[in-house]
Amino acid sequence: LGKTLTSLAIMLAYQKSEWPLLILCPASLRYTWPTEIEKWCPWIPSQSIHVVRGADDVHFAVEIQRWRNQKHKAQTCSDSEDLTAKKKQSKCPIQIVIVTYSLLQNRFQIANTLRDCEFECIIADESHNLKQLSSQRCQLALPLLQGSNRLVLLSGTPALNRPVELWPQLHALDAKGKMFINGSMSYSEYTKRYCNAKRTRFGYDVKGSSNADELHKCLKGVMMRRLKNDVLQDLPPKQRSIVPVSISDKEKERESRETMSQLSMARKAVTEITDLDADDVANSAQWEARRLLMQAYQASGVAKAPATTEYIIDWLEGSASTQ
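In structure tokens, the structure reads:
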């Protein structure tokens, strides 16, 4: 939908004054970005695009700091030294740094290095990877994003399930909450107004949704949304359908049914928890229900795999119009 090209076009406006540019992305895209940059910005030398390849790959920061020192010297030098100094600091040898979200961990040297580099321009691709506010990844990324002068977040699904997942991204773009109706908003105020926050024995439940229309209006000030119908009009409409498949392996079918039965009982046990039950009992019931849910997904997925594979192969071998 043109997210990559649009974000590069925005950041190129600040190349001379505020680069190097930092790009955060999932590991699966770390080599896609250099390809796209070379495609759309062929004048940027490939050797000035640095893809961080490991937790201790921080030598790029030395080059950036050396260039900044030379730039500062050029700004403060006398007239006789001016021309030579300016030639040395004209462009940073590292124009773009690409880092994966998985490297944002306290135990990795790269996390501290990124903070020390103080990037002014940042693109965060697939920014929904920062949906969990309490995660170490998000805690390390937010100061980087908030400290930048120019920030672009890219995502096809900014909120996978709930409004609360939008908060870290909105907080990165607007730490003071000026986009909201009252001109400022904290996390607590946000969850109460837009996530239908309710106090439970386990803390606040912020998995709900409330005042969705108002939140949508607020997002218009910071979000540009493109639909496939708007930019890829040759694509057919999206189709969703349920395809029943049979499980031929009776043993796997039995395992799936047993797991589903156990999950049903575990969920019933959770609903029967009262204030008279001890916290450890309640927590144990919640954990067991979640464990069985994941086990049910896995067991049913493995059981349906052969039939699903057969269906996909048949579909691929169909006529061109069907495909």
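For the sequence shown, the numbering used here assigns the number 1 to the initial residue and increments by one for each residue that follows. Glycine included, C-beta positions come from ideal geometry on N, C-alpha and C.
Item                                                                                                                            : Value
Buried versus exposed, by CB contacts within 10 Å (16 or more), glutamate 126                                                   : buried
Rounded straight-line distance, which links the Cα of phenylalanine 180 to that of alanine 212                                  : 13 Å
Unbroken stretches of the beta strand (DSSP E), 3 residues or longer, contained in the segment 36 to 75                         : 49 to 51
Extent of the continuous alpha helix (DSSP H) to which tyrosine 14 belongs                                                      : Run containing tyrosine 14: none; DSSP gives neither H nor E here.
Cα-Cα separation, tyrosine 101 to glutamine 298                                                                                 : 26 Å
Where the beta strand (DSSP E) through alanine 124 begins and ends                                                              : 121 to 124
Environment of alanine 285 [buried if 16+ CB atoms lie within 10 Å]                                                             : buried
Residues of its chain near asparagine 106, where Cβ-Cβ distance is below 8 Å and the 5 sequence neighbours each way are ignored : Gln136 and Leu140
Span of the alpha helix (DSSP H), counted from its first residue to its last, around valine 270                                 : 250 to 271
Beta-carbon gap between serine 248 and alanine 307 smaller than 9 Å                                                             : yes
Nearest residue (CA-CA) to valine 164, options Gly208, Pro93 and Leu22                                                          : Gly208
Serine 28 versus glutamate 272: straight-line alpha-carbon distance, rounded                                                    : 43 Å
Cβ-Cβ distance between arginine 267 and alanine 289 below 9 Å                                                                   : yes
Counted within 10 angstroms of its Cβ, other Cβ atoms place methionine 185 as buried (16 or more) or exposed                    : buried
CA-to-CA distance, isoleucine 64 to isoleucine 242, given in whole angstroms                                                    : 53 Å
Buried versus exposed call for tyrosine 190 [16 or more other C-beta atoms within 10 Å across all chains shown]                 : buried
Distance between arginine 291 and arginine 66 (C-alpha atoms, nearest Å)                                                        : 51 Å
Every unbroken alpha helix (DSSP H) within the segment 151 to 190, with a cutoff of 4 residues, ordered by chain                : 167 to 173
Alpha carbon of alanine 197 to alpha carbon of arginine 162, nearest angstrom                                                   : 12 Å
Limits of the unbroken beta strand (DSSP E) element including valine 99                                                         : 96 to 100
Backbone CA spacing between leucine 215 and glutamine 132 [nearest angstrom]                                                    : 19 Å
Exposure of valine 62, with buried meaning 16 or more beta-carbon neighbours within 10 Å                                        : exposed
Of the listed residues Leu21, Val97 and Ser46, nearest to isoleucine 110 (C-alpha basis)                                        : Val97
Inter-residue spacing [alpha-carbon to alpha-carbon] between alanine 46 and alanine 175                                         : Note on identity: in this sequence residue 46 is serine, with alanine being the wrong assignment. Distance between the alpha carbons of serine 46 and alanine 175: 34 Å.
Buried or exposed by the 16-neighbour rule on C-beta atoms within 10 Å, applied to serine 225                                   : For clarity, residue 225 is arginine in the given sequence; the question names serine instead. Arginine 225 is exposed by the Cβ-count criterion.
Test item: CB-CB of leucine 22 and cysteine 138 under 9 Å                                                                       : no
Cβ shell of glutamine 323 (< 8 Å), same chain only, five flanking positions each side left out                                  : Any reading at glutamine 323 must be qualified, since the residue scores a pLDDT of 49, below 50, and its modelled position is unreliable; the value itself is stated next. If we look at glutamine 323 and ignore the five residues flanking it on each side, its Cβ neighbours are Trp315 and Leu316.
CB-CB length for leucine 153 against arginine 115, believed under 8 Å                                                           : Their Cβ separation, rounded to whole angstroms, is 19 Å, which puts leucine 153 and arginine 115 out of contact at 8 Å.
Glycine 203 - containing beta strand (DSSP E), residue span                                                                     : 203 to 205
Contact set for tryptophan 167: own chain, Cβ-Cβ below 8 Å, skip 5 residues either direction                                    : Leu133, Tyr187, Tyr190 and Thr191
Identity of the residue in Val245, Ala303 and Cys92 nearest glutamate 255 by Cα                                                 : Ala303
Continuous alpha helix (DSSP H) stretch holding arginine 291: start and end                                                     : 279 to 316
Residue from Gln75, Asn182 and Met265 whose Cα sits closest to the Cα of arginine 193                                           : Asn182
Same chain, Cβ closer than 7 Å to tryptophan 19, neighbours up to 5 away in sequence not counted                                : Cys92, Gln95 and Cys121
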